[in-house]
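Peer 1:
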Amino acid sequence: MFSQQLIDDHVIMSIIGNLPPISLMIFTALVMLTYLLLNFLCSVCDPLEPPMAATRIPYIGHILGFARQKFNYYVDLSQTTGLPILTIRVPGAKMYIVNTTELIQAVQKLPKKLAFPPISAKFANRLCGVSRKARDVLAVNVNGDGGDWGLNMEATHVMKRATAPGPGLDGMNRVMIGIVAESLDGLIGEGRENVEIGLHMWLRGLITMATTESVYGPRNPYRDVKVQKSFWEVESQMMRLLIGILPSVFARKGIAARRRVTKAFESYYAGSDFKDASLLAQARLEVNMKHGIPMKDVARYETVIGVAIIVNTAPALFWLIFFIYSNPELLEEIRGEIEAIVETSFNEDGSSTRSLDITNVKKKCHLLLSTFQETLRHRSAGTSVRIVMEDTLLDDKWLLKKNSIIQMPGRVIHMDSKIWGPDVADFNPRRFLKGKNIKRPNPAALRTFGGGTTLCPGRHFATNEILAIVSMFVMRFDMRPVEEHWRLPKSDNTNVTTVILEPDTDIDVIVSQREEVGDGKWKFKLSDSKIIASVVVEDRVDS
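Residue numbers (full-length UniProt numbering): 1 to 543.
#1: Check the DSSP bridge columns for Ala115 and list the partner residues they point to.
#2: Nearest CA to the CA of Val511: which residue from Ile310, Asn327, His200 and Ile188?
#3: Taking C-alpha atoms, which residue in Asp395, Gly458, Met475 and Gly82 lies nearest to Val215?
#4: For a quick check, are the C-beta atoms of Ile341 and Val361 less than 8 Å apart?
#5: Verify whether the separation of the beta carbon atoms of Arg487 and Arg514 is less than 8 Å.
#6: Three Cβ pairs or more, each shorter than 8 Å: is that satisfied between the region 126-139 and the region 433-449?
#7: Can you tell me whether DSSP reads Pro441 as helix, strand or coil?
#8: Sort out for me which residues DSSP pairs Pro481 with in a bridge.
#9: Take the Cβ of Ser404 as the centre, count every other Cβ of all protein chains shown within 10 Å, and call the residue buried at 16 or more, exposed below.
#10: Alpha carbon to alpha carbon, what distance is there between His460 and Trp319?
#11: Give the C-beta separation of Ser278 and Gly452 to the nearest angstrom, bearing in mind that I take them to be a contact with Cβ-Cβ under 8 Å.
#12: What are the complete beta strand (DSSP E) segments, minimum 3 residues, inside the region 139-176?
#13: If I follow the unbroken alpha helix (DSSP H) through Asn360, where does it start and stop?
#14: Am I right that Val388 and Lys401 are in contact with their C-beta atoms under 8 Å? What's the rounded C-beta distance?
#15: Let me check understanding here. Comparing Cα to Cα, which of Val234, Met153, Phe322 and Asp396 lies closest to Asp478?
#16: What residue from Glu465, Lys296 and Glu484 has the CA that sits closest to Ser326's CA?
#17: I believe Pro409 touches Tyr74 by the beta-carbon criterion, under 8 Å. Please report the beta-carbon distance rounded to the nearest angstrom.
#18: Once you ignore the five residues that flank Thr208 on each side, which residues in its own chain have a CB closer than 7 Å to its CB?
#19: For Ile85, which three-state DSSP category applies?
#20: Kindly give me the distance between the Cβ atoms of Leu86 and Ile97, rounded to whole angstroms, as I take these residues to be in contact under 8 Å.
#21: Sort Leu330, Met289, Thr211 and Leu433 by Cα distance to Val137 and report the nearest one.
#22: Express the C-alpha separation of Thr344 and Phe66 in angstroms, rounding to a whole number.
#23: Between Thr454 and the rest of its own chain, which residues show a CB-CB distance below 6 Å, the 5 nearest in sequence each way excluded?
#24: Whose C-beta lies closer than 8 Å to the C-beta of Lys160 among residues of the same chain, with five residues either side of it excluded?
#25: Pull up the DSSP beta-bridge partners for Ile197, would you.
#26: According to the neighbour-count rule (16 or more other Cβ atoms, all chains shown, within 10 Å of its Cβ), is Glu175 buried or exposed?
#27: Measuring CA to CA, which of Gly244, Leu246 and Met238 is closest to Ala257?
#28: Give me whichever residues DSSP pairs with Val90 in a beta bridge.
#29: Mind checking which residues open and close the beta strand (DSSP E) that includes Glu49?
#30: Near Lys364, what residues of its chain come up, given a Cβ to Cβ distance below 8 Å and the 5 sequence neighbours on each side ignored?
#31: Less than 8 Å between the beta carbons of Ser380 and Val496, yes or no?
#32: Taking only three categories from DSSP, how would you classify Val98?
#33: Quick check on Ser491: does DSSP put it in helix, strand or coil?
#34: Using DSSP with H/G/I as helix, E/B as strand and the rest coil, what is Ile500?
#35: Nearest-angstrom Cα distance between Asn143 and Leu330?
#36: Would Ile507 and Leu206 be called neighbours here (beta carbons separated by less than 8 Å)?
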């Protein structure tokens, strides 16, 4: 490649060198004029708009920066400029980057003027490849300006109701803990002392099955390993599908994989009995049918709903387990917390049964919860997005122009030393603990689940799932890496459409039964689903 670059440069310089003097002058003038014009266009800004963030290469400089640094580009941009909000220009769009919790909350208070639904509908249509009819139905009152009706508004509301604390969440939790218990019981196998697994891949498989079984019931399409594999192929090609430039060429594998998952869901919906599916699955089907969405398009939409219910939980669980097991002192402290709430009973044959109540984990395991929240802060890179529906004055100060895009990068907030202190780059499992001598961070600064009207509706289920797996895993198993030392995997290749950073490489580990707990059975309990882990500010009831 290096020699080819020399050849290319030599050829270019030869062409320029052989130009007649007048042609060379014209060529140079055109290059300079183009540069100056682009530089001018990329710096033109209304005086009331957020200041423009300049780049050395106009028009495409920010794209190159993001391609090079990915999620950390906005962090560097924020720290370099020191601005609470700034403007950048990229081909085809003007973007406002919001860098403070105060302005993020100001944006969230204007959901009709600074809207998410038009963006989510556009992305959903592109990702799912639905028909023109489905796109037209979804576009009706998409932003809810005419009230809480229309497919987009109603689908959002039924998802929130079905996943809120109550009967819908209870049903999903019961199925989930059953799948988790069965998986952990069979992890090592009869007569074996240990088992070697790829930690991330094993956890991803567990999350995929525990989540989809809880949503779709006994006829879950993801029971077919080929469907699982196809879904993850779709996930790996999401950015290509979203960009939409010649998808049949550049996203060919993603389209083929999407077709296979869609076909599985067509078979699923061809069945007549959904009483064993979750209230979430039933409600989604009902609202789609109410608005006349063709069944093929219902299947297409459901193909990509897995992105919302699966994709981010698996890496969040991986990082949490990594941080706990790579710190022996932390592991023992968390085990002590959980041990205190484990209930032991003895059967007639003298064998023991240990019960772990997930409600008590959420109520009493404060260090585990703090470690979980710190994992979300340290490992998340999601960006909340809005479109400006009309010229809007934000916080009585900043003019946001119609049709511009607003980005609120969570990583900018999560890496802000003014919020989190000088150790912001470190993983501090005690950062979220309550205490007289502990200064607690602004609760609105944890952005992993979003906020406002777009707060993730599945946060309660995801939290229950992660805490259930982690708490039972640390009580039952010891684990060490095959390579003897725990090394934090890089996450440079994370899909930019995900919220939680994904490990570039897996960690091969050896898992063994803890000698301290001996033989006996383990089981989950779920005594009160209305008790939630207040991970985000919207769920807090304390001061």
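We put the beta carbon where it would ideally sit given N, CA and C, even for glycine.
Peer 2: With the given structure in hand:
#1: BP columns for Ala115 point to Ile387.
#2: Ile188
#3: Gly458
#4: yes
#5: No; because the gap between Cβ atoms is not below 8 Å, this pair is not in contact.
#6: Under the 8 Å Cβ criterion, the region 126-139 does not count as touching the region 433-449, having fewer than three qualifying pairs.
#7: coil
#8: Val509
#9: buried
#10: 19 Å
#11: In this structure Ser278 is not in contact with Gly452, their Cβ atoms being roughly 26 Å apart against a cut-off of 8 Å.
#12: With a minimum length of 3 residues, no continuous beta strand (DSSP E) run stays inside the region 139-176.
#13: Ile358 to Lys364
#14: 6 Å between Cβ atoms; contact.
#15: Phe322
#16: Taking only the C-alpha atoms, the option nearest Ser326 is Glu484.
#17: 4 Å between Cβ atoms; contact.
#18: Tyr222, Gln228 and Ile310
#19: Of the three classes helix, strand and coil, the one that applies to Ile85 here is strand, per DSSP.
#20: 5 Å
#21: Met289
#22: 53 Å
#23: Spatial neighbours of Thr454 in its own chain (CB-CB distance under 6 Å, excluding positions within 5 residues in sequence) are listed in chain order as Phe116.
#24: Pro457
#25: Val509
#26: Note on residue identity: the sequence assigns Val, not Glu, to residue 175. Classification for Val175: buried.
#27: Met238
#28: Ala93
#29: Looking at the DSSP string, Glu49 is not in any beta strand (DSSP E), and its letter there is neither H nor E.
#30: Glu337, Ala340 and Ile341
#31: no
#32: strand
#33: coil
#34: strand
#35: Their Cα atoms are separated by approximately 46 Å.
#36: no
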